[in-house]
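Colleague:
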């Protein structure tokens, strides 16, 4: 984020500065060209005016001297010329005769000198060997430097006229065309002063105009280009930074305004799209949560129905188990009753009756035992940790399954350790877990087999209970899933597959571990490991996963 | 396991088949008291052996017995 504004600043300055330089340079160049041309034109015009006046002066001299020349009155002629030469602005008036000798000059030291025909004043006519006899005005004047000052000189040839050749003095023969030349020199000081003043003014106003035009141009660029572009770039950076609610505030009706409008529309579309996506994500999340809640409710009700189902199954087993002793009790009771009714109480008969009553007592105890175990299983009391002998819990669970095993012709091998330490646990829950594993083993051996139940002491883990069947075993691909809720491979459709899950939960809630090993075709072995001294808190916490 | 209780003049022979000792015994005593000649068998296999050895008028079979169940013994 440090690089971009820097480079954009450089870009903005570049664009505006380029435009400004172009505007200022073109204004300055055009104005300079204009003033140069204007100055040149003005100079030409001023010099033309001076030239006209010089021409008029030489014309005036010629006309003024006509009379004196005709009378060959040289003194009067020179008088007039000297008077005119004293006029301000006139530097010099002189007359050359045909040989180039200065016959008169207002500058007296020149008089009687001969000028070189190749001198600048003579060059107009004497450039060729034969001198010209007529000259147009532009060729008759020349501007030259006299010291620091500029001088405009104009020559006027004095032509021979019949009056001259016929005059009494007859100084000029009729064959001559040019009698002499009047040369008038005028100072150009005034013109130059005026020109300098004009030039100064022109430079000042041109400079002022250039500065003002440049200021207006640069201001226009700043307002029309620089600021909108700056806003545009700042806005795009904001939007690119994720602020989709930002809108560009460029309202000009040009291309920049159009660009800003398009950008704003694009940003609005993006914002709308993002809101839609956010809304969708929210809806999706809500739906997932709703479905999760529904699934949780379904799982809870399934767990409840599984409990009911296993209770019902247990009730059937128990009913069958209780039915046999009750039948025996009933029959013996009726035998005893019949003997007493027939009054056959001789000593031999009496021993038989005592024997039969003994059977009644024994079988009644057996019924009581079965009922007590059923209660142990069914009672949903809160977990109550007490020192328990795991061998007793195993025996009780086996009692409940005794008949089932006999029916399936499953042999039972018990190998319970005599020195098993007591284990602090909830006896009802642990017995329920053992029973679930025993029932699972029994169901794996519908075609008969051997159930091996062993308890052993483990210095590291505390106490182990091994429950091993000789069923078909658990295939390797199924093994990782057997503790998952609702997983079952049993063909019995009434099972929901929660038995092993409940067993593992109970064991883990006691800080223990339930593991399984199985080789296909050689049965399976479930191993419950329980710590003998469960720390306070782990059990109550619920999910102590000590593995 | 072929305990038979014979009365003075047997009214007939009954074979009682049940895996539960208390059921078997109590029924046996009951029918013996009613002057029947009673045969006892703990399983289907024993019942078949008993039938081959002696003639029985009636056999009482526990239908839900381990091994060969009552229906099969018929």
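Chains as they are written, first to last, in this note's numbering: chain A, 1 to 547; chain B, 1001 to 1074.
Virtual Cβ for every residue (Gly too), placed ideally from N, Cα, C.
(1) Hey, residue 1033 of chain B and residue 335 of chain A: beta-carbon distance below 8 Å or not?
(2) May I ask which residues mark the beginning and end of the beta strand (DSSP E) holding residue 144 of chain A?
(3) Given a cut-off of 8 Å, decide if residue 363 of chain A and residue 1058 of chain B are closer than it, judged by their beta-carbon atoms.
(4) For residue 321 of chain A, return the contacting residues in chain B, with the cut-off set at a CB-CB distance below 7 Å.
(5) Beta carbon of residue 296 of chain A: closer than 7 Å to some heavy atom of the ligand FMN?
(6) For the region 1027-1043 of chain B, enumerate the residues whose C-beta is nearer than 7 Å to any C-beta of chain A, in chain order.
(7) Check the Cβ-Cβ distances between residue 1019 of chain B and every residue of chain A, and say whether any is below 8 Å.
(8) According to DSSP, what are the bridge partners of residue 586 of chain A?
(9) Which residues bound the beta strand (DSSP E) around residue 91 of chain A?
(10) Using the Cβ count rule (16 or more neighbours within 10 Å means buried), how would you classify residue 273 of chain A?
(11) Looking at C-beta atoms only, is the number of pairs between the region 466-476 of chain A and the region 518-526 of chain A that lie closer than 8 Å three or more?
(12) From the DSSP output, in three-state form, read off residue 105 of chain A for me.
(13) Using 8 Å as the threshold, is the C-beta distance between residue 410 of chain A and residue 442 of chain A below it?
(14) What in chain B is Cβ-close to residue 338 of chain A, meaning under 8 Å?
(15) Who are the neighbours of residue 1051 of chain B on chain A, taking C-beta pairs under 7 Å?
(16) Specify the secondary structure class of residue 551 of chain A as computed by DSSP and reduced to three states.
(17) Looking at C-beta atoms only, is the number of pairs between the region 452-468 of chain A and the region 521-529 of chain A that lie closer than 8 Å three or more?
(18) Taking just the CA atoms, how far does residue 478 of chain A sit from residue 452 of chain A?
(19) Work out the CA separation of residue 396 of chain A and residue 431 of chain A for me, nearest whole Å.
(20) Nearest by alpha-carbon distance to residue 389 of chain A: which of A:417, A:71, A:368 is it?
(21) With which residues is residue 425 of chain A paired in a DSSP beta bridge?
(22) Going straight from the alpha carbon of residue 105 of chain A to that of residue 196 of chain A, what length do you get?
(23) So what does DSSP say about residue 458 of chain A, is it helix, strand or coil?
(24) Please classify residue 226 of chain A as buried or exposed, where buried requires at least 16 other C-beta atoms within 10 Å of its C-beta.
(25) Which residues in chain B have a C-beta closer than 7 Å to the C-beta of residue 359 of chain A? List them in chain order.
(26) So residue 250 of chain A and residue 234 of chain A are supposed to be a Cβ contact under 8 Å. How far apart are they, rounded?
(27) Starting from residue 1038 of chain B, trace the alpha helix (DSSP H) in both directions and tell me its first and last residue.
(28) For the beta strand (DSSP E) containing residue 413 of chain A, list its first residue and its last residue.
(29) What does DSSP give as the partner residues of residue 1013 of chain B in its beta bridges?
(30) Between residue 31 of chain A and the rest of its own chain, which residues show a CB-CB distance below 7 Å, the 5 nearest in sequence each way excluded?
(31) Which residue marks the beginning of the beta strand (DSSP E) containing residue 528 of chain A, and which one marks its end?
(32) Determine whether the Cβ of residue 327 of chain A lies closer than 8 Å to any Cβ atom of chain B.
(33) How about residue 96 of chain A and residue 111 of chain A: do their beta carbons lie closer than 8 Å?
(34) Does the CB of residue 417 of chain A have a neighbour CB from chain E at under 8 Å?
(35) Can you list, in chain order, the residues of its chain whose CB lies under 8 Å from that of residue 1051 of chain B, leaving out five sequence neighbours each side?
(36) Under 6 Å Cβ to Cβ from residue 345 of chain A, same chain only, skipping five residues before and after it: list those, please.
Modeller: Looking at the atomic coordinates:
(1) Counted from its first residue, the second chain places residue 1033 of chain B at position 33. Counted from its first residue, the first chain places residue 335 of chain A at position 335. Against a cut-off of 8 Å, the Cβ pair of residue 335 of chain A and residue 1033 of chain B comes out as a contact.
(2) As a first step, residue 144 of chain A must be located in the first chain, where it is residue number 144. The continuous beta strand (DSSP E) containing residue 144 of chain A extends over residues 141-146.
(3) Numbered from 1 along the second chain, position 58 holds the residue referred to as residue 1058 of chain B. Numbered from 1 along the first chain, position 363 holds the residue referred to as residue 363 of chain A. Between residue 1058 of chain B and residue 363 of chain A, the CB-CB gap reaches or exceeds 8 Å.
(4) In the first chain, residue 321 of chain A corresponds to position 321, counting from 1. Correct list: empty, because the minimum Cβ distance to chain B is about 10 Å.
(5) In terms of ligand content, the structure shown is empty, and the ligand FMN therefore cannot be addressed.
(6) 1027, 1029, 1030, 1033
(7) As a position in the second chain, residue 1019 of chain B is number 19, starting the count at 1. It does; some Cβ of chain A falls within 8 Å.
(8) Since the first residue of chain A shown is 1 and the last is 547, residue 586 of chain A is not available in this structure.
(9) Reading the first chain from its first residue, position 91 is the one you call residue 91 of chain A. Per DSSP, residue 91 of chain A belongs to the beta strand (DSSP E) from 90-97.
(10) In the first chain, counting from the first residue as 1, residue 273 of chain A sits at position 273. By the 10 Å Cβ count, residue 273 of chain A comes out exposed.
(11) Remark: three or more beta-carbon pairs, one from each stretch, lie closer than 8 Å, so the region 466-476 of chain A and the region 518-526 of chain A are flagged as touching.
(12) Counting from one through the first chain, the residue named residue 105 of chain A turns up at place 105. The answer is strand: DSSP assigns residue 105 of chain A an E or B state.
(13) Here residue 410 of chain A refers to the residue found at position 410 of the first chain. Here residue 442 of chain A refers to the residue found at position 442 of the first chain. Taking 8 Å as the cut-off, the beta carbon of residue 410 of chain A is found closer than this to the beta carbon of residue 442 of chain A.
(14) One-based indexing of the first chain puts residue 338 of chain A at position 338. Near residue 338 of chain A (Cβ distances below 8 Å), the residues of chain B are 1033.
(15) Indexing the second chain from 1 puts residue 1051 of chain B at position 51. Neighbours of residue 1051 of chain B on chain A: none; closest Cβ ~22 Å, over 7 Å.
(16) One cannot answer for residue 551 of chain A here, as it falls past the ends of chain A, which runs 1 to 547.
(17) The answer is yes - the region 521-529 of chain A touches the region 452-468 of chain A, with three or more Cβ pairs under 8 Å.
(18) Here residue 452 of chain A is taken as the residue at index 452 of the first chain, counted from 1. Here residue 478 of chain A is taken as the residue at index 478 of the first chain, counted from 1. If you take the alpha carbons of residue 452 of chain A and residue 478 of chain A, they lie about 23 Å apart.
(19) Along the first chain, one-based indexing puts residue 431 of chain A at 431. Along the first chain, one-based indexing puts residue 396 of chain A at 396. If you draw a straight line from the Cα of residue 431 of chain A to the Cα of residue 396 of chain A, it comes to about 8 Å.
(20) Taking the first residue of the first chain as position 1, residue 389 of chain A is located at position 389. Closest option to residue 389 of chain A, Cα to Cα, is A:417.
(21) One-based indexing of the first chain puts residue 425 of chain A at position 425. For residue 425 of chain A, which the question treats as bridged, DSSP gives the partners A:386.
(22) For the purposes of this step, residue 105 of chain A is taken as residue 105 along the first chain, with counting starting at 1. For the purposes of this step, residue 196 of chain A is taken as residue 196 along the first chain, with counting starting at 1. About 31 Å.
(23) Residue 458 of chain A sits at position 458 when you count from the first residue of the first chain. In the structure shown, residue 458 of chain A sits in a strand (DSSP, three-state: E or B).
(24) Taking the first residue of the first chain as 1, we reach residue 226 of chain A at position 226. Note on residue 226 of chain A: 16 or more other CB atoms within 10 angstroms of its CB, so buried under the neighbour-count rule.
(25) Locating residue 359 of chain A in the first chain gives position 359, counting from the first residue. Going along chain B in sequence order, the residues near residue 359 of chain A (Cβ under 7 Å) are 1022.
(26) Locating residue 250 of chain A in the first chain gives position 250, counting from the first residue. Locating residue 234 of chain A in the first chain gives position 234, counting from the first residue. Wrong, their Cβ atoms sit about 11 Å apart, outside the cutoff.
(27) Within the second chain, numbered from 1, the residue matching residue 1038 of chain B stands at position 38. Element bounds for residue 1038 of chain B: not the alpha helix (DSSP H) but the beta strand (DSSP E), 1037-1041.
(28) Locating residue 413 of chain A in the first chain gives position 413, where the first residue counts as 1. 410-416 is the extent of the beta strand (DSSP E) around residue 413 of chain A.
(29) Within the second chain, the letter at position 13 stands for residue 1013 of chain B. Note: residue 1013 of chain B sits in a beta bridge opposite B:1037.
(30) Walking along the first chain from the start, residue 31 of chain A turns up at place 31. So the qualifying residues of the chain are 206, 209, 210.
(31) Here residue 528 of chain A corresponds to residue number 528 of the first chain, with the count starting at 1. The continuous beta strand (DSSP E) containing residue 528 of chain A extends over residues 524-530.
(32) Counted from its first residue, the first chain places residue 327 of chain A at position 327. For residue 327 of chain A, the answer is yes, since a Cβ of chain B falls inside 8 Å of its Cβ.
(33) Along the first chain, read from residue 1 onward, the residue named residue 96 of chain A stands at position 96. Along the first chain, read from residue 1 onward, the residue named residue 111 of chain A stands at position 111. No, they are not a contact pair.
(34) In the structure shown, chain E does not exist; the protein chains are A and B.
(35) On the second chain, position 51 is the one that residue 1051 of chain B refers to. Here the set comprises 1015, 1059.
(36) By one-based count along the first chain, residue 345 of chain A stands at place 345. Here the set comprises nothing.
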